[in-house]
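Written below as structure tokens is the structure these notes are about.
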Amino acid sequence: MKKICVISGGGSGLGLAIAETLLKSGKNVLILGRDNNKLTRAGKKLNRISESAHASTMVCNIGNEEDVRKAGKFLHDHKIVVEYLFNNAGVGHFAKSETTTAGMIDSVFEANLKAFDNKIDMKLNEWEIKMSQYKGSKIIAYHNEWCYFEQRFGLTIVDFLEPKPGIPPTPTQLVKIISEVKSNNIKVIISSPYFTTSSSDVVSSQTGAKTVILGTSVGAFDGIKDYFDLFEYNIDKIIQGLK
0 MKKICVISGG GSGLGLAIAE TLLKSGKNVL ILGRDNNKLT RAGKKLNRIS
50 ESAHASTMVC NIGNEEDVRK AGKFLHDHKI VVEYLFNNAG VGHFAKSETT
100 TAGMIDSVFE ANLKAFDNKI DMKLNEWEIK MSQYKGSKII AYHNEWCYFE
150 QRFGLTIVDF LEPKPGIPPT PTQLVKIISE VKSNNIKVII SSPYFTTSSS
200 DVVSSQTGAK TVILGTSVGA FDGIKDYFDL FEYNIDKIIQ GLK
């Protein structure tokens with residue numbers, strides 16, 4: 000029976016890096032993903048790596064039970080044994096195998112780390128370019144929780160709706176904020192999903208500044224599935240507000 004390593008989300012990023020490492024060690028791989036074009040490109044790239052091992056592709060959304068059952072049936076019908084099973088979250092899930100070694104496990108984590116480092120460097124450069132024309136832009140924040148985002152992308156948080164951390168906005172503070180927004184031509188008030196927008200709505204109604212709700216973690220909004228999605232979402236929202 001043929002043995003194979005299955006990698007979900009193998010068309011790019013961590014999954015693709017894992018597939019490359021396995022092929023170099025002589026393992027056959029099957030990469031799963033939702034985008035057939037991306038899988039096709041990845042398959043061609045992978046099959047140039049090794050003459051002794053082969054990469055196959057299959058369109059499969061692992062969040063869809065029917066897709067997973069079809070993939071399982073394919074493996075069963077073709078008498079293929081899954082030697083290793085990896086997801087694309089940066090962690091390997093290993094099937095039982097007499098060939099599992101510490102070296103193999105180490106190589107997977109090394110591939111994960113390398114792929115993540117490369118991707119974060121690439122994305123950070125991309126995000127900084129997108130934000131460069133807004134560097135120095137003045138904004139208001141509801142709560143003092145965005146200092147690292149502010150520093151990384153060159154924004155200036157002029158003031159906070161909370162007079163002190165954890166203290167709800169007071170009428171006096173709102174009058175102060177309205178004055179600051181007008182005098183500094185501030186276009187955006189940033190906040191988080193767990194804060195009410197009632198105070199920022201008051202400021203917006205008096206100044207025209209837009210309230211922008213940013214994601215604070217993966218899953219905060221639909222479409223934020225991982226760390227990279229989180230920054231993409233927040234940066235796009237900030238830029239929309241500042242335009």
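Sequential numbering of the sequence shown, starting at 0, is according to numbering that gives the first Met the number 0. Idealized CB from N, CA, C, for every residue including glycine. The structure presented is a predicted model; accordingly, all values stated were derived computationally and were not measured.
Open item on the list: Do VAL187 and ILE138 count as a contact pair if the criterion is CB distance below 7 Å?
Closed with: yes
Open item on the list: Please tell me whether LEU112 has its Cβ less than 7 Å away from any Cβ of chain B.
Closed with: Looking at the structure shown, chain B is missing, and only one protein chain is on hand.
Task: The beta strand (DSSP E) enclosing VAL187, as first and last residue numbers - done: From DSSP, the beta strand (DSSP E) with VAL187 extends over 187-190.
- [ ] Could you say which of PHE148, ALA140, LEU154 lies nearest to THR195 if we only look at CA atoms?
- [x] If we check each option's Cα against that of THR195, ALA140 comes out closest.
TODO: Output the boundary residues of the beta strand (DSSP E) element that contains TYR83.
DONE: Run containing TYR83: 79-85, per the beta strand (DSSP E) assignment.
Task: Own chain, CB closer than 7 Å to ASP34, minus 5 neighbours either side, in chain order - done: GLY10
- [ ] Tell me whether GLU19 is buried or exposed, calling it buried when 16 or more other Cβ atoms sit within 10 Å of its Cβ.
- [x] buried
Open item on the list: Between THR206 and ILE177, how many whole angstroms is the CB-CB distance? I'm expecting something under 8 Å.
Closed with: 6 Å
Task: Between the CA atoms of SER216 and THR5 - distance to the nearest angstrom - done: For clarity, residue 5 is Val in the given sequence; the question names Thr instead. Spanning the two alpha carbons is a distance of roughly 29 Å.
- [ ] Could you tell me the boundaries of the beta strand (DSSP E) in which SER55 lies?
- [x] 54-58
- [ ] Express the C-alpha separation of GLU149 and ILE156 in angstroms, rounding to a whole number.
- [x] Each residue's Cα considered, the two are about 7 Å apart.
TODO: Evaluate the contact criterion for the segment 111-126 versus the segment 62-74: three or more CB pairs, one atom per stretch, below 8 Å.
DONE: no
Open item on the list: Do GLU127 and ASP158 count as a contact pair if the criterion is CB distance below 7 Å?
Closed with: no
Open item on the list: Just to confirm the assignment, what range does the alpha helix (DSSP H) spanning THR171 have?
Closed with: 170-183
Task: ALA140, enclosing beta strand (DSSP E) - first and last residue - done: 137-140
TODO: Excluding the 5 residues preceding and the 5 following PHE230 in the sequence, name in chain order all residues of the same chain whose CB lies nearer than 8 Å to its CB.
DONE: Same-chain partners within the cutoff: LYS122, TRP126.
- [ ] Using DSSP bridges, identify the partner residues of LYS1.
- [x] ILE79
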